[in-house]
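Input: a single structure, listed below in structure tokens.
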Amino acid sequence: MDSKQYLALKASAGSGKTFALAMRYISLLFNGANPNEILTLTFTKKAALEMNRRILENLISLRTNKNAQTLILELQNYGISNSMIADNIENIYKKFLQANTKITTIDAFLNLILKKFCWYAGVSHRYEIEFEEKNKIYEDLLSSLSPKDFREFLDLCIYQDINAESMLDLLSFLDAKDFDLKNHIPADENEIIRRDRDKEILDIAQEIKNAIIQNEKASDTAKNAIKTDSVKELVKNLKWLKDGQGYRYFKKLDLKQLEPKFETLKDMLKGYYNHREYVMLDKIGKFLKFYKNNKRKHSINSLSFDAITLKVYELLGKNFDSEFFYFRLDDKITHILIDEFQDTSTIQYKILKPIIDEIRSGQGRFGDRSVFFVGDTKQSIYRFRGSNSELFDIASKGEGITQEDLQYNYRSCENIISYVNKCFENVISDYTPQKYPLGKTSEVKGYVKVCEPCENMQESVWENLNYLLQNNISAEDIAILCFSNDDVLDIRDYIKSKNPELEIMTETNIKLLNQNESKIIFHAIDFFKTNLEFHKKCAYKLAGLAYDADMLMPIKKPYQSLQSFILEIMETFKIYGKAAQKILEISCEYESVDDFLESINKKNIDFSMPSAKGLQMMTIHKSKGLEFKYVILCERIKKPNSDRGKFLFDYEGIELKRIFYKQSKREEVDKEYENALQNEKNLQIRESLNTVYVAFTRAREGLIILPKQKKDGDKDKICFGDLEVAPEVIGSPQGTGHSKVKESKITPIFIEQKSFGKQEDFIKEADDYADTNYIDMKFGEALHKALEYELGHRIKEEKISHILNNHYGFFLPVKSFDDIFRRIENLKKNDMFNSIISESLIKSEISYLSNNILSRIDVMVLKEDGKIIVLDYKTGIHNQEEHKKQVKRYLDFVQSRSKNKSQVQAYILYIRDRIDFIPVS
46 MDSKQYLALK ASAGSGKTFA LAMRYISLLF NGANPNEILT LTFTKKAALE MNRRILENLI
106 SLRTNKNAQT LILELQNYGI SNSMIADNIE NIYKKFLQAN TKITTIDAFL NLILKKFCWY
166 AGVSHRYEIE FEEKNKIYED LLSSLSPKDF REFLDLCIYQ DINAESMLDL LSFLDAKDFD
226 LKNHIPADEN EIIRRDRDKE ILDIAQEIKN AIIQNEKASD TAKNAIKTDS VKELVKNLKW
286 LKDGQGYRYF KKLDLKQLEP KFETLKDMLK GYYNHREYVM LDKIGKFLKF YKNNKRKHSI
346 NSLSFDAITL KVYELLGKNF DSEFFYFRLD DKITHILIDE FQDTSTIQYK ILKPIIDEIR
406 SGQGRFGDRS VFFVGDTKQS IYRFRGSNSE LFDIASKGEG ITQEDLQYNY RSCENIISYV
466 NKCFENVISD YTPQKYPLGK TSEVKGYVKV CEPCENMQES VWENLNYLLQ NNISAEDIAI
526 LCFSNDDVLD IRDYIKSKNP ELEIMTETNI KLLNQNESKI IFHAIDFFKT NLEFHKKCAY
586 KLAGLAYDAD MLMPIKKPYQ SLQSFILEIM ETFKIYGKAA QKILEISCEY ESVDDFLESI
646 NKKNIDFSMP SAKGLQMMTI HKSKGLEFKY VILCERIKKP NSDRGKFLFD YEGIELKRIF
706 YKQSKREEVD KEYENALQNE KNLQIRESLN TVYVAFTRAR EGLIILPKQK KDGDKDKICF
766 GDLEVAPEVI GSPQGTGHSK VKESKITPIF IEQKSFGKQE DFIKEADDYA DTNYIDMKFG
826 EALHKALEYE LGHRIKEEKI SHILNNHYGF FLPVKSFDDI FRRIENLKKN DMFNSIISES
886 LIKSEISYLS NNILSRIDVM VLKEDGKIIV LDYKTGIHNQ EEHKKQVKRY LDFVQSRSKN
946 KSQVQAYILY IRDRIDFIPV S
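To convert, take the position in the sequence shown, counting from 1, and add 45; that gives our numbering.
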């Protein structure tokens, strides 16, 4: 067997894995492989297209002998001589062009399989790939439950201390992972034994407590360490039980005689936790079965990629018959190449494993059958999507598989490579330092800057971005990477406040439904369906028309086709760009407006304008697989969401060993649970370091790191993620750009609004609703929205009522909406209010950024004589001093932008049964 026939290639960031994959593919062609039988799997469409392009370009280079020396040298490693290339390249090139190649994403390959096996899987061959309508599935499930089961479901939610939606999300998660809970439900005692055990637990705990109380050396803290009112109270603190004599308050006591009771109590509490786990897994297993049965009704005509994966796993992963498989597939697979193997999920691997095993089990030379996969466990950052980095190590250690490393980094400059090696070689256990390519020379050595810890991340980003721009680094060559989408948006808004003219590309820029032309079309369709003035005005604004433009909106005629209607909208608003064309193209698949809207809103269609350029901003996870000349890395602005998962999954290799139900303090008495908890923590730490590694290795010429000061016990340390760093500067930026971007002279600006009627998008010094309950908060939001539409958009009351019911009908009773319109009616009759707004220009919901605080003014009234009046609505008089402070900030800001401060006034407007204006000065 050739040493390269079954090969696992470890490919660190920038090491040329795409080149290695492309040349592997070409080497197979020269060894006689049929391109129809080579399966090449990637994880993104972009990677698949890039792979196909690289193979074709390399074949053209070999055919024309232009820039082919590197390719020829690589092929020599596969035993392919110059004469073999010359004699065969023409036929290989033509054969590749004519072949039905299988260079595709793993999702697309699994979809191909299901299409071939649809009748065996019980799905229609015309099913469409769409996002799951989880809300519809959830709604149908709950409505299908009997009153008894529904009551049990609610009791389960209360017992779990989570809302119904979170419980349904949990069922969806378990379903997507294909976990069979019945295999993990521990044995349980009968009810009588359980009640006796709970009593015995408290009796033993009380005996231990009495012994400690009677000990003369026991402190009050020691005497009160054990709570025996109930088992629930007892387990709130079990540190004393785990540590025993070593517990800090028991160290002076001689407790040797109590050690047997300590061990007995541990065993009994372990049984207590097992019982709770039994109850939860049993009950959740019951509703998971309901969920699966209900979901089947939604899987006839549309499937998500997760659902497709599960269907294929059920068909192949559990019962693979190679002859039947290839008969249905119409093509034999004799070679398999897998990119980014560390991103493979356990289920995906179980589907591919029998195909891989079948290839390896047969006889033949390299050109007859082979397996090749490339991966890097250091870049495994998708555990939340089910990837398992251990799969690469498990697969690469299989019998007969050769392992090789790609040692050189062809992406980054010398200084960046050295810095990344220094950071990770002592913190990632299997880290192999990368080398700068032999013989490669470059005047650009690379720039690395680790900043001092910053308190204001947005300001630090702007300073470093501006520094690069001033050093002639083009904005198109710079990427800002963040840990979360919220951080991306916060920093984007801050940069926009500093330079409104700077083009910034974020993920929202590349979605088809987020393009301006798309939004105009959908607002025009919504206007036709609802006749709401709101949609007309939105379409006007997006099209750059005046608010009071008198344009005849398109109305779909009864006989008119959907495509003709959309074309009429495009002609009305003079929008003929690629986004509008794409919408028109997609509409050709549908006959009705409703079907079109329902379907397109489920699709997640990427759409980037070819000419769109500018500063790039994205999360670290989105940046994986990409590279940029200069990278600015931002430590988290906001704390990450805590892990609120209810289950702990303990794996052994690729097999799920056990599912634990998470319970507080369980690790103090259950060693197996403690080990599983520690394993999970270790995996989280490793993935956190992987995420930082991915971030550091995106840079080609410049890397700027913005860390934070973090507390580690009593010691401060400077960290980026979980990696400790030290401030330093290596090298300097070397720009080739020509345009410098200057900071706007006006730092506080009015900003683009993210949502209407909500305060939650704004960073505020005080929370308006800190002392109110949830219903009151929703009532306040609804009132704000109603006033915004009434005063700001002149929308009629019946239309506003419809909008409020859609947004808040789930939270508020009908009488609340009556109360809202009654209060607005009182306000409209108020003499002072009418004197303020008469003969005035009213601006509603004005957002601005000042001193890194995002704020929003409810109403700004511009009088003809130059006076400006700021109004802030409130529904209750509690916290009046905080209200005054808040409105004083609005007043100060508006005065700072006005020529005559004395002409600016501000009022708190309390809208209750009584209308009150409180002046703020």
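Beta carbons: idealized from backbone N, C-alpha and C, even for Gly.
Source: prediction; values computed, not measured.
Pro964, enclosing beta strand (DSSP E) - first and last residue: Ile960 to Val965
Leu583: first and last residue of the uninterrupted alpha helix (DSSP H) it sits in: Looking at the sequence itself, residue 583 is Cys, so the reference to Leu does not match. That run of the alpha helix (DSSP H) goes Glu578 to Leu587.
Whole-number beta carbon distance between Lys930 and Leu954, since they are thought to touch under 8 Å: With 8 Å as the limit, Leu954 and Lys930 do not qualify as a contact, their Cβ atoms being about 16 Å apart.
Where Gly61 sits in the DSSP three-state scheme: coil
Proximity below 8 Å, CB of Val472 to CB of Ile158: no
Neighbourhood of Glu135 by C-beta, 8 Å cutoff - its chain only, sequence neighbours within 5 removed: Arg108
Inter-residue Cα distance where the pair is Lys623 and Gln560: 10 Å
Which listed residue (Ile631, Ile549, Asp639 and Gln393) has its alpha carbon closest to that of Gly431: Gln393
Given 8 Å, three or more beta-carbon pairs between the segment 138-150 and the segment 89-96: yes
Which residues DSSP lists as bridging Cys764, in chain order: Lys753 and Glu769
6 Å CB neighbourhood of Pro772 in its chain, flanking five on each side removed: Val495 and Glu497
CB contact check: Lys244 to chain B, cutoff 8 Å: In the structure shown, chain B does not exist; there is a single protein chain.
As assigned by DSSP and simplified to three states, the class of Asp402: helix
For Gly747: DSSP bridge partner residues: Tyr492 and Tyr675
Neighbourhood of Lys933 by C-beta distance below 6 Å, restricted to the same chain and skipping five residues each side: Val965
Alpha-carbon spacing of Ser733 relative to Ser390, whole angstroms: 18 Å
Under the three-state DSSP convention, the category Arg957 falls into: coil
Ser892 versus Ser900: straight-line alpha-carbon distance, rounded: 6 Å
Buried versus exposed call for Gln479 [16 or more other C-beta atoms within 10 Å across all chains shown]: buried
Where Lys702 sits in the DSSP three-state scheme: strand
Beta bridge counterpart(s) of His380 as assigned by DSSP: Ile83 and Ser415
Distance between Gly690 and Lys785 (C-alpha atoms, nearest Å): For Lys785, the pLDDT reaches just 46, beneath the cut-off of 50, and the residue's location in the model is therefore unreliable, although a value from the coordinates is still provided. C-alpha separation (whole angstroms): 48 Å.
Within 8 Å, strictly: CB atoms of Leu86 and Phe154: yes
Enclosing beta strand (DSSP E) for Cys527 [first to last residue]: Ile523 to Cys527
Start-to-end residues for the beta strand (DSSP E) that takes in Thr422: Note, Thr422: premise wrong, no beta strand (DSSP E); not H, not E.
Pairwise C-alpha distance: Ala53 and Glu435: 14 Å
Segment contact flag, the segment 703-719 with the segment 579-593, C-beta cutoff 8 Å, min 3 pairs: no
Reference Gly766; option with closest CA among Ala584, Cys679, Asp185 and Arg410: Cys679
Counted within 10 angstroms of its Cβ, other Cβ atoms place Leu215 as buried (16 or more) or exposed: buried
For Leu52, the first and last residue of its enclosing beta strand (DSSP E): Tyr51 to Ala56
C-beta contact flag for Ala267 and Leu298 at 8 Å: yes
Bounding residues of the alpha helix (DSSP H) (the contiguous stretch that carries Asp366): Note, Asp366: premise wrong, no alpha helix (DSSP H); not H, not E.
Counted within 10 angstroms of its Cβ, other Cβ atoms place Glu926 as buried (16 or more) or exposed: exposed
Distance CB(Ile682)-CB(Met550) smaller than 8 Å: no
Three-state secondary structure assigned by DSSP to Tyr453: strand
Secondary structure of Gln448, DSSP reduced to three states: strand
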